[in-house]
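**Q**
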Amino acid sequence: MLLYLTAEDVFGSDTPRGRGPRPLHTIPATLAGLYDLGLRHHLRSAAMAWWTPQGLERVPDWRFDRLAIRFAVFGRERLGLTPGERILVLGRLGWLWPTLDFAAMGFGVLPIGVEHDLGDDAVAGIAGETAARAAFATDPGSAERLLGLRRAGRLGRATVVGEGFVEGDGVLALREVVERAAVLDTAERAQAFRAFSRQVTPEGEALWHVGAHGVVRLTHAAAMARVAPMLRSRPAARGDVAYLDAPRVTLGKRLALAAFVGDGHTTSALGGEGHPAEELAELRPHKALVSEAWLEAVCSGDGGPRRPAWLDRWRARRRLQQALGGRLRWVEAQVGVSPAGARALAGAGVAVEEVAGRGEEEPWRC
């Protein structure tokens, strides 16, 4: 579910939102090329942002670029990943999702994203049937699941990477990977990564996404066929902020993150779990990707499925109603909205469009 909201202030700035030059003079033919182009211009204060115990951490273009390059180089030189091989990514929304997508695509490795609530048998089957060389967990719960599957011999030869691990045979701690990857980060390796990413072909596989309804397999050409209309119809402006709610990582969110990073202007803010009203109030985003349930709650004035503990029901409902009536401009619906929701959106002057990551799931079998 993709919601576009407009606001005059971004991160509390008093500067009105203005239209800056577009980095995308031409739209690349691949997602790898889109990432590469979007991170060259440094026109935004942050490419990504995510919440930590200390608050919202804003990550500039160059830092996000280097983080992805470090994972890519580590995968190639320490895990032995080569173009055409596959990695598994399992878990809730977090910084590791876009980092691994960018890192894998840039070196021609296929990232297979698995939604966090898929069962263990399905995860093990996917890892085995795809012969994944590595499996990354994006949150502690998913890390424990992958570790259990690894110990049970159900992940094949995949090296498991996750938070809180003690390094052992076929197991790597995420913190250790980040530190070792930093040592490998040289100008020569970074240039090699960028050069390779520009040579990725549109016909090559870009990503797979696996959820409860099946798997979607996309080449770079097919992925860009979904992303390019978004970039053309709603050109990004300098200072744009996009909010993505947790915990589920859908195909639509992965493609939208590619567009936001690639447009060179948008800051992608990854939400935490349980406090969407607080986060939206702090960010005042121009665009948001949230669940259908959240949208229905906003349309009905119910205040959202989760409310901040310190905020009573009436204040939460009023805040979200003000956001709906004052800033919302577009809704991209994956499964549509209810008649009551549609009436509320129409009354607020909101147009309904189709989401980039919709449908085309196949039953899971290679």
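Last residue of the sequence shown: 469 (our numbering), numbering continuous.
Cβ coordinates follow ideal geometry from the N, Cα and C atoms, glycine included.
Please state if the CB of L386 and the CB of A372 are separated by a distance shorter than 7 Å.
**A** Along the sequence shown, one-based indexing puts residue 372 at 269. Along the sequence shown, one-based indexing puts residue 386 at 283. Yes. Within cutoff.
**Q** So the beta strand (DSSP E) L258 belongs to, where does it begin and stop?
**A** Position 155 of the sequence shown holds residue 258. Segment: none, L258 is in no beta strand (DSSP E) and carries neither H nor E.
**Q** Quick one: Cα of L203 to Cα of V176, how far?
**A** Working through the sequence shown from its first residue, we reach residue 203 at position 100. Working through the sequence shown from its first residue, we reach residue 176 at position 73. Cα-Cα distance, rounded: 11 Å.
**Q** Quick check on L203: does DSSP put it in helix, strand or coil?
**A** Residue 203 sits at position 100 when you count from the first residue of the sequence shown. In the structure shown, L203 sits in a helix (DSSP, three-state: H, G or I).
**Q** For the beta strand (DSSP E) holding V313, just list the boundary residues, first then last.
**A** Numbered from 1 along the sequence shown, position 210 holds the residue referred to as residue 313. From DSSP, the beta strand (DSSP E) with V313 extends over E308 to G314.
**Q** Compute the Euclidean distance between the alpha carbons of P350 and D272, then round it to the nearest angstrom.
**A** Looking up residue 350 in the sequence shown gives position 247. Looking up residue 272 in the sequence shown gives position 169. Straight-line Cα distance between these residues: approximately 30 Å.
**Q** On a Cα-Cα basis, can you pick out the residue from E291, V226 and A240 that is closest to A234?
**A** Here residue 234 refers to the residue found at position 131 when the sequence shown is read from its first residue. Nearest C-alpha to A234: V226.
**Q** Could you work out which residue in V352, A295 and T322 is closest to A315 when comparing CA atoms only?
**A** In the sequence shown, counting from the first residue as 1, residue 315 sits at position 212. Looking at the Cα atoms, V352 is the closest of the given residues.
**Q** Do three or more CB pairs link the region 190–210 to the region 241–252 at distances below 8 Å?
**A** Yes, the region 190–210 is in contact with the region 241–252.
**Q** The beta strand (DSSP E) that contains E160, what's its start and end?
**A** Working through the sequence shown from its first residue, we reach residue 160 at position 57. First-last of the beta strand (DSSP E) with E160: G158 to V162.
**Q** What residues match up with E385 in a beta bridge as DSSP calls it?
**A** To locate residue 385, count along the sequence shown from 1; it is residue 282. In DSSP, E385 forms no bridge with anything.
**Q** Using CA atoms only, rank isn't needed, just tell me which of L321, R337, E308 and R236 is closest to G183.
**A** Position 80 of the sequence shown, counted from the first residue, corresponds to residue 183. Comparing Cα-Cα distances from G183 to each of L321, R337, E308 and R236, the minimum goes to R236.
**Q** DSSP state of T133, grouped into three classes?
**A** In the sequence shown, residue 133 corresponds to position 30, counting from 1. The answer is coil: DSSP assigns T133 none of H, G, I, E or B.
**Q** Check whether the Cβ atoms of P201 and L310 sit closer than 7 Å, and answer yes or no.
**A** Looking up residue 201 in the sequence shown gives position 98. Looking up residue 310 in the sequence shown gives position 207. Not in contact: P201 and L310 (Cβ atoms no closer than 7 Å).
**Q** Residues bridged to L347 by DSSP?
**A** To locate residue 347, count along the sequence shown from 1; it is residue 244. Bridge partners of L347: L373 and L392.
**Q** How big is the Cα-Cα spacing for A328 and R297?
**A** Here residue 328 refers to the residue found at position 225 when the sequence shown is read from its first residue. Here residue 297 refers to the residue found at position 194 when the sequence shown is read from its first residue. Going by the C-alpha atoms only, they are around 23 Å apart.
**Q** Measure the Cβ-Cβ separation of A149 and R161 and say whether it is below 7 Å.
**A** Position 46 of the sequence shown, counted from the first residue, corresponds to residue 149. Position 58 of the sequence shown, counted from the first residue, corresponds to residue 161. Yes, the Cβ-Cβ distance between A149 and R161 is below 7 Å.
**Q** Taking the Cβ atom as the reference point for each residue, do L137 and G342 lie within a distance shorter than 7 Å?
**A** For the purposes of this step, residue 137 is taken as the residue at position 34 of the sequence shown. For the purposes of this step, residue 342 is taken as the residue at position 239 of the sequence shown. Cβ distance not < 7 Å, so L137 and G342 don't count as in contact.
**Q** Check each candidate in H389, A324 and V344 and name the one with the smallest Cα separation from L134.
**A** Along the sequence shown, one-based indexing puts residue 134 at 31. The shortest C-alpha separation from L134 is found at A324.
**Q** If we ignore side chains and look at the alpha-carbon of each, how far apart do A290 and F167 end up?
**A** Position 187 of the sequence shown holds residue 290. Position 64 of the sequence shown holds residue 167. So the two alpha carbons sit approximately 15 Å from each other.
**Q** Helix, strand or coil: how does DSSP classify P332 here?
**A** Working through the sequence shown from its first residue, we reach residue 332 at position 229. The answer is helix: DSSP assigns P332 an H, G or I state.
**Q** V264 and V280: beta carbons closer than 7 Å?
**A** Mapped onto the sequence shown, residue 264 falls at position 161. Mapped onto the sequence shown, residue 280 falls at position 177. For V264 and V280, yes; Cβs fall inside 7 Å.
**Q** Suppose the cutoff is 6 Å on Cβ atoms and the five residues either side in sequence are ignored; what does the same chain contact list for A293 look like?
**A** On the sequence shown, position 190 is the one that residue 293 refers to. Taken in chain order, the residues that qualify are I172.
**Q** Out of curiosity, what's the CA-to-CA distance linking R257 and T322?
**A** Along the sequence shown, read from residue 1 onward, the residue named residue 257 stands at position 154. Along the sequence shown, read from residue 1 onward, the residue named residue 322 stands at position 219. Roughly 28 Å between the two C-alpha positions.
**Q** Where does the unbroken beta strand (DSSP E) through E218 begin, and where does it stop?
**A** Residue numbering aside, residue 218 sits at position 115 when the sequence shown is read from its first letter. Where E218 is concerned, the enclosing beta strand (DSSP E) stretches over L213 to E218.
**Q** Nearest-angstrom Cα distance between A261 and V217?
**A** Within the sequence shown, the letter at position 158 stands for residue 261. Within the sequence shown, the letter at position 114 stands for residue 217. Cα to Cα, the separation comes out at about 15 Å.
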